[in-house]
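Enquirer: Numbering of the sequence shown is given in this note's numbering, commencing with residue 4 and proceeding in unit increments. We put the beta carbon where it would ideally sit given N, CA and C, even for glycine. None of these values were measured; they are calculated from a predicted model. Could you have a look at this structure, given as structure tokens, before my questions?
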Amino acid sequence: MEAAGTGAEEPVDLRIAGHVATVTLDRPDVLNAVSTPMYRCLLATFAKIEDEADVRCVVVRGRGRAFSVGADRTERATMTVDDLRRRRRLVPRVFSAMYHCSRPVIAQVQGYALGGGLELALSCDLVVAAEDAVMGLVETTLGSMPAGGGTQLLPRLVGIPRAKELIFTGRRFTGAEARQWGLVNHAVPAADLEATVDALAAEISAAAPLAVAQAKRAIDLSSQLEIDSGVELEAELYERLLTSTDRLEGLAAAREGRPARFRGR
4 MEAAGTGAEE PVDLRIAGHV ATVTLDRPDV LNAVSTPMYR CLLATFAKIE
54 DEADVRCVVV RGRGRAFSVG ADRTERATMT VDDLRRRRRL VPRVFSAMYH
104 CSRPVIAQVQ GYALGGGLEL ALSCDLVVAA EDAVMGLVET TLGSMPAGGG
154 TQLLPRLVGI PRAKELIFTG RRFTGAEARQ WGLVNHAVPA ADLEATVDAL
204 AAEISAAAPL AVAQAKRAID LSSQLEIDSG VELEAELYER LLTSTDRLEG
254 LAAAREGRPA RFRGR
């Protein structure tokens, strides 16, 4: 299955197999540099995923040697200030669609993940990177600053002091370093990257999808709430699962000593 809306030159490819949707940034000739049409296609792709009832997990990957080197500098060189302002209104919508996707989203990072490319990865729930992947929010070395959520997402993952150092310097770092800082969930040899992501996506897809979605919502809102309010929200979301078929199936499977067969109901 392919997402429509970009044309052949700047595609985002969507494939659904079983319960897993794979979103591929598909401009390998330019290391998956992100253009305005690609952002529009990503927005449309995640809207489509929300309508796919069978999807329980999403994988975002880049075709070829890189996840994404970030903004398309060739396009940027031709854009007026008004063009950039219009783009500024588009980009946060894309990152919001990914961050707030009702399914868990895994970034599969190989090669380069720089600037807006790294911000795409940070907008995912989980990141699995090759140990030798090269990552960084490099915008300050180019006379700009992160504008796709990097200044908000990076501090939540690595802490404010380290985030400031990485953004102020535009320093590049490896997937192995990112794992040490808690920026990525797993850093593995490049040869093992796809298999590691596939196994993680399968494990998530085997869990009860309604429960996973509610747990994701509770976690995502935790940074906005005082602890008492967060615990109350958690209880409210838990109560919504009490009458679900999946909860009853989980109890029955545990009682009968068999794997649960969750239906998302």
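(1) Quick check on Gly10: does DSSP put it in helix, strand or coil?
(2) Any chance the segment 69-79 sits against the segment 99-117, with 3 or more Cβ pairs inside 8 Å?
(3) Round the Cβ separation of Lys51 and Leu17 to the nearest angstrom and send it over; I've been treating them as touching at under 8 Å.
(4) Can you find the residues in the same chain that come closer than 7 Å, C-beta to C-beta, to Trp184, ignoring five residues on each side of it along the sequence?
(5) Would you mind sorting Gln217 into buried or exposed? The rule is 16 or more other CB atoms within 10 Å of its CB.
(6) Helix, strand or coil: which one does DSSP assign to Met4?
(7) By DSSP, does Arg174 sit in helix, in strand, or in coil?
(8) Report the partner residues of Met138 according to the DSSP bridge assignment.
(9) Classify Val234: buried if its beta carbon has 16 or more other beta carbons within 10 angstroms, exposed otherwise.
(10) Which of the three DSSP states is assigned to Arg18 in this structure?
(11) Is the beta carbon of Val33 closer than 8 Å to that of Asp85?
(12) So what does Gly65 bridge to, in DSSP terms?
(13) My understanding is that Met101 touches Val94, with C-beta atoms under 8 Å, so please give their C-beta distance in whole angstroms.
(14) Any idea if Ala11 is buried or exposed, counting beta-carbon neighbours within 10 angstroms, 16 or more meaning buried?
(15) Could you give the first and the last residue of the continuous alpha helix (DSSP H) run that contains Ala132?
(16) My guess is that Thr154 and Ile170 are in contact by the Cβ rule of under 8 Å, so how many angstroms apart are they, rounded?
Expert: Working from what's here:
(1) Position 7 of the sequence shown holds residue 10. Confidence at Gly10 is low in this model, with a pLDDT of 41, below 50, so the placement of that residue should be treated as unreliable; the coordinate-derived value is given next. Gly10: coil per DSSP, three-state reduction.
(2) With a cut-off of 8 Å, the segment 99-117 and the segment 69-79 count as touching, because enough Cβ pairs lie within range.
(3) Against the sequence shown, residue 51 aligns to sequence position 48. Against the sequence shown, residue 17 aligns to sequence position 14. Sure, about 7 Å apart at Cβ, within 8 Å.
(4) Here residue 184 refers to the residue found at position 181 when the sequence shown is read from its first residue. Correct list, in chain order: Val161, Arg165.
(5) Taking the sequence shown and counting its residues from 1, the one referred to as residue 217 is at position 214. It is buried - the Cβ of Gln217 has at least 16 other Cβ atoms within 10 Å.
(6) Residue mapping note: residue 4 aligns to position 1 of the sequence shown, counting from 1. Low confidence applies here, because Met4 scores a pLDDT of 39, under 50, leaving its location unreliable and the question unanswered by this model.
(7) Within the sequence shown, residue 174 is the residue found at index 171, counting from 1. When secondary structure is reduced to three states using DSSP, Arg174 falls in the coil class, being assigned neither helix nor strand.
(8) Position 135 of the sequence shown holds residue 138. Answer by DSSP bridge pairing, in chain order: Ala116, Phe176.
(9) For the purposes of this step, residue 234 is identified with residue 231 of the sequence shown, where counting begins at 1. Val234 is exposed by the Cβ-count criterion.
(10) As a first step, residue 18 must be located in the sequence shown, where it is residue number 15. Per DSSP, reduced to three states, the secondary structure at Arg18 is strand.
(11) Residue 85 sits at position 82 when you count from the first residue of the sequence shown. Residue 33 sits at position 30 when you count from the first residue of the sequence shown. Val33 is positioned such that its CB atom lies no closer than 8 Å to that of Asp85.
(12) As a first step, residue 65 must be located in the sequence shown, where it is residue number 62. Listed as beta-bridge partners of Gly65 by DSSP are Leu28.
(13) In the sequence shown, the residue the question calls residue 101 occupies position 98. In the sequence shown, the residue the question calls residue 94 occupies position 91. Not quite, the Cβ-Cβ distance comes to about 11 Å (not below 8 Å), so this is no contact.
(14) Start at 1 with the first residue of the sequence shown, and residue 11 comes out as number 8. The predicted model places Ala11 with a pLDDT of 47, which falls under 50 and marks its position as unreliable, so this point remains unresolved.
(15) By 1-based counting over the sequence shown, the position of residue 132 is 129. No alpha helix (DSSP H) holds Ala132; the beta strand (DSSP E) holding it covers 129-133.
(16) For the purposes of this step, residue 154 is taken as the residue at position 151 of the sequence shown. For the purposes of this step, residue 170 is taken as the residue at position 167 of the sequence shown. Indeed, because the Cβ distance is near 7 Å, the residues count as touching under 8 Å.
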